[in-house]
Amino acid sequence: MQQLKKVVLAYSGGVDTSVCIPYLKDKYEFSEVIAFVADLGQGEDLEKIKQKALNSGATNSIIANLVDDFAKKYAFPAIRANALYGNKYPLSTALARPLIAQNLVNTARELGADAVAHGCTGKGNDQVRFDLAINALGPDLKIITPAREWDMSREEAILYGEKFGIPAPVSKKSPYSIDVNLLGRSIEAGLLEDLMNEPDEDVFAMTSSIEDAPDYPEDIEIVFKNGFPVAINNDFLNPVSIVQKANLLAGKHGFGRIDMVEDRVVGIKSREIYETPGLLLLIKAHKELESLTLNPDVRDFKEIIEKKWGQLVYQGFWFGPLKTALDSFIDSTQRSVNGKVKIRLQKGNAIIIGRSSENNSLYREDLATYSKDDIFNHKYAEGFIYMWGMSNKIWAEQNSKK
Ligand code: ARG
35 MQQLKKVVLA YSGGVDTSVC IPYLKDKYEF SEVIAFVADL GQGEDLEKIK QKALNSGATN
95 SIIANLVDDF AKKYAFPAIR ANALYGNKYP LSTALARPLI AQNLVNTARE LGADAVAHGC
155 TGKGNDQVRF DLAINALGPD LKIITPAREW DMSREEAILY GEKFGIPAPV SKKSPYSIDV
215 NLLGRSIEAG LLEDLMNEPD EDVFAMTSSI EDAPDYPEDI EIVFKNGFPV AINNDFLNPV
275 SIVQKANLLA GKHGFGRIDM VEDRVVGIKS REIYETPGLL LLIKAHKELE SLTLNPDVRD
335 FKEIIEKKWG QLVYQGFWFG PLKTALDSFI DSTQRSVNGK VKIRLQKGNA IIIGRSSENN
395 SLYREDLATY SKDDIFNHKY AEGFIYMWGM SNKIWAEQNS KK
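For what it's worth, the working numbering labels the leading residue of the sequence shown as 35, then goes sequentially.
Now the structure itself:
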């Protein structure tokens with residue numbers, strides 16, 4: 035077998051990915067390990083993480099700012115798709131993985147690396163998302179996954195790292211496993227593994243508790259263009275700022291927490307707490323505008339597409355032919371999703387209180403009204419119902435004989 039020399043590692047700064055660095059050199063004899071640090075708006079000190087990679091023995095470390103792409107090319111399509119896995123989770127973590135994978139592959143190409151690596155374990159969804167995306171974009175690249183093969187407990191991994199000069203974590207490790215980016219936070223493990231344990235208030239960082247949320251309501255307006263949110267309260271903003279603003283508004287009022295049991299790709303159920311205030315708010319508003327601007331058959335069918343889209347993204351098929359085909363469907367439906375939605379935020383709620391569309395509204399007041407301006411022809415209803423219910427009537431007659 036050809037000797038592998040250079041590997042690009044997706045690096046988060048945690049103990050596990052740090053230990054991956056000496057492992058890749060020791061066990062795989064890589065002469066160069068490049069630590070790739072993705073900025074996804076997680077708000078950490080990335081220079082410090084980069085330094086940590088170098089201190090852990092990386093030959094080089096690269097920080098890539100992916101946050102604009104994340105909002106524009108990943109979060110925004112998810113809003114158009116009203117994507118909610120299990121009808122609840124807006125895929126805040128799942129959406130980040132194909133983007134990281136894409137940039138890992140690009141970096142591997144630029145640097146002439148033979149392999150890419152990540153620190154995912156063998157029982158999560160993220161390994162699936164990384165591996166599938168890497169296989170789709172760089173099928174010739176070898177994928178190395180130390181945490182899937184090394185069979186070390188956390189304590190053993192720390193000891194192994196110490197042998198190579200990686201200091202054991204000083205602060206007591208958080209009892210939870212947390213993933214953070216621009217779109218939200220995912221919190222699992224620890225006390226949450228008992229499904230009846232309510233999460234402590236300190237697991238949350240983006241959303242206020244209902245108790246601490248202000249008593250007063252705050253009404254906001256979200257403007258959409260072709261199904262993409264473009265303004266909040268008449269502030270026209272870029273995608274990242276839209277998400278940030280939505281996060282702040284919804285989070286302040288305690289909207290956007292999720293507690294769910296989900297079905298991982300590897301076949302096990304797991305309990306996860308999410309807080310994704312902005313994304314949930316934007317999806318809610320988007321759905322509302324679609325109710326005004328899409329034909330009923332399109333809307334109905336789009337729900338099927340949405341469900342499948344969410345499953346594909348959750349299950350790692352971002353760069354797959356079905357996902358691409360569904361994107362075309364969604365794209366063609368969104369040309370008429372223009373207008374705005376009014377929402378009241380208060381005490382954990384985001385209540386729709388209005389919607390309008392200048393050029394794409396399918397609502398006709400002259401047809402809907404109960405006033406004297408009504409132009410609907412009531413006489414046609416009888417003939418319509420005669421045929422609409424014909425088969426049902428025949429069935430009822432047949433059955434009443436018995
Ligand atoms: N279960 C979620 C998903 O599959 C998120 C996992 C994120 N990791 C974490 N440590 N909470 O997208």
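Virtual Cβ for every residue (Gly too), placed ideally from N, Cα, C.
Start and end of the alpha helix (DSSP H) containing residue i?
{"i": "Met424", "result": "424-434"}
{"i": "Leu346", "result": "330-348"}
{"i": "Leu401", "result": "399-402"}
{"i": "Leu356", "result": "355-367"}
{"i": "Ala112", "result": "110-114"}
When DSSP labels each residue in this structure, what does residue i get in the three-state scheme?
{"i": "Lys199", "result": "Rather than Lys, the amino acid found at residue 199 in this sequence is Gly. In the structure shown, Gly199 sits in coil (DSSP, three-state: anything other than H, G, I, E or B)."}
{"i": "Gly312", "result": "helix"}
{"i": "Tyr123", "result": "strand"}
{"i": "Ala135", "result": "helix"}
{"i": "Pro248", "result": "coil"}
{"i": "Asp408", "result": "coil"}
{"i": "Asn383", "result": "strand"}
{"i": "Phe258", "result": "strand"}
{"i": "Pro263", "result": "strand"}
{"i": "Lys157", "result": "coil"}
{"i": "Lys176", "result": "strand"}
{"i": "Lys86", "result": "helix"}
{"i": "Tyr210", "result": "coil"}
{"i": "Lys61", "result": "coil"}
{"i": "Ala128", "result": "coil"}
{"i": "Asp79", "result": "coil"}
{"i": "Ala234", "result": "Reading off the sequence, residue 234 comes out as Asp, not Ala. In this structure, Asp234 counts as coil in the three-state DSSP scheme."}
{"i": "Gln37", "result": "coil"}
{"i": "Phe351", "result": "coil"}
{"i": "Thr141", "result": "helix"}
{"i": "Ala415", "result": "helix"}
Who are residue i's beta bridge partners in DSSP?
{"i": "Ser304", "result": "Glu296"}
{"i": "Asn215", "result": "Gly218"}
{"i": "Ser390", "result": "Lys374"}
{"i": "Phe70", "result": "Ala44, Ile96"}
{"i": "Phe270", "result": "Ala265"}
{"i": "Arg291", "result": "Glu309"}
{"i": "Asp253", "result": "Arg378"}
Can you find the residues in the same chain that come closer than 6 Å, C-beta to C-beta, to residue i, ignoring five residues on each side of it along the sequence?
{"i": "Ile113", "result": "Leu316, Ile317, His320"}
{"i": "Ala130", "result": "Leu74, Asn215"}
{"i": "Val162", "result": "Val299, Gly350"}
{"i": "Gly47", "result": "Ile83, Lys86"}
{"i": "Glu252", "result": "Leu379"}
{"i": "Ile221", "result": "Tyr210, Ile212, Val237, Ile307"}
Please report how far the alpha carbon of residue i lies from the alpha carbon of residue j, in whole angstroms.
{"i": "Leu171", "j": "Ala402", "result": "51 Å"}
{"i": "Trp422", "j": "Pro330", "result": "17 Å"}
{"i": "Trp352", "j": "Pro132", "result": "6 Å"}
{"i": "Lys82", "j": "Arg389", "result": "46 Å"}
{"i": "Thr141", "j": "Ala359", "result": "27 Å"}
{"i": "Asn383", "j": "Leu229", "result": "24 Å"}
{"i": "Lys176", "j": "Val150", "result": "6 Å"}
{"i": "Ile244", "j": "Met294", "result": "18 Å"}
{"i": "Ile168", "j": "Ile292", "result": "30 Å"}
{"i": "Val332", "j": "Ser370", "result": "12 Å"}
{"i": "Pro203", "j": "Trp184", "result": "20 Å"}
{"i": "Val71", "j": "Lys61", "result": "22 Å"}
{"i": "Asp102", "j": "Val274", "result": "6 Å"}
{"i": "Lys59", "j": "Glu66", "result": "8 Å"}
{"i": "Val139", "j": "Gly153", "result": "16 Å"}
{"i": "Ala135", "j": "Ala181", "result": "17 Å"}
{"i": "Gly146", "j": "Lys40", "result": "8 Å"}
{"i": "Phe387", "j": "Thr51", "result": "A small fix is needed here, since residue 387 is Ile in this sequence, not Phe. In a straight line, the C-alpha of Ile387 is about 47 Å away from that of Thr51."}
{"i": "Lys279", "j": "Gly120", "result": "26 Å"}
{"i": "Ser391", "j": "Lys259", "result": "10 Å"}
{"i": "Tyr57", "j": "Lys107", "result": "34 Å"}
{"i": "Lys197", "j": "Val53", "result": "10 Å"}
{"i": "Lys122", "j": "Leu271", "result": "27 Å"}
Compare the C-beta of residue i against all C-beta atoms of chain B and say whether one is closer than 9 Å.
{"i": "Ala280", "result": "No chain B is present in this structure, which holds just one protein chain."}
Suppose the cutoff is 7 Å on Cβ atoms and the five residues either side in sequence are ignored; what does the same chain contact list for residue i look like?
{"i": "Ile254", "result": "Ile266, Asn267, Leu283, Ile377, Leu379"}
{"i": "Gly218", "result": "Ser126, Met240, Tyr308, Glu309, Thr310, Leu313"}
{"i": "Phe410", "result": "Leu401"}
{"i": "Glu437", "result": "There is simply no residue 437 to check, as the chain begins at 35 and stops at 436 in what is shown."}
Where does the unbroken beta strand (DSSP E) through residue i begin, and where does it stop?
{"i": "Val150", "result": "149-151"}
Who are the near neighbours of residue i in its chain, counting only those whose CB is closer than 8 Å to its CB and skipping five residues on each side?
{"i": "Leu356", "result": "Lys342, Leu346"}
{"i": "Asn89", "result": "Gly199, Ile200"}
{"i": "Glu235", "result": "Ser243"}
{"i": "Ile68", "result": "Lys40, Val41, Val42, Leu43, Ala92, Thr93, Asn94, Ser95, Ile96, Thr141, Leu145, Ala147"}
{"i": "Glu431", "result": "none"}
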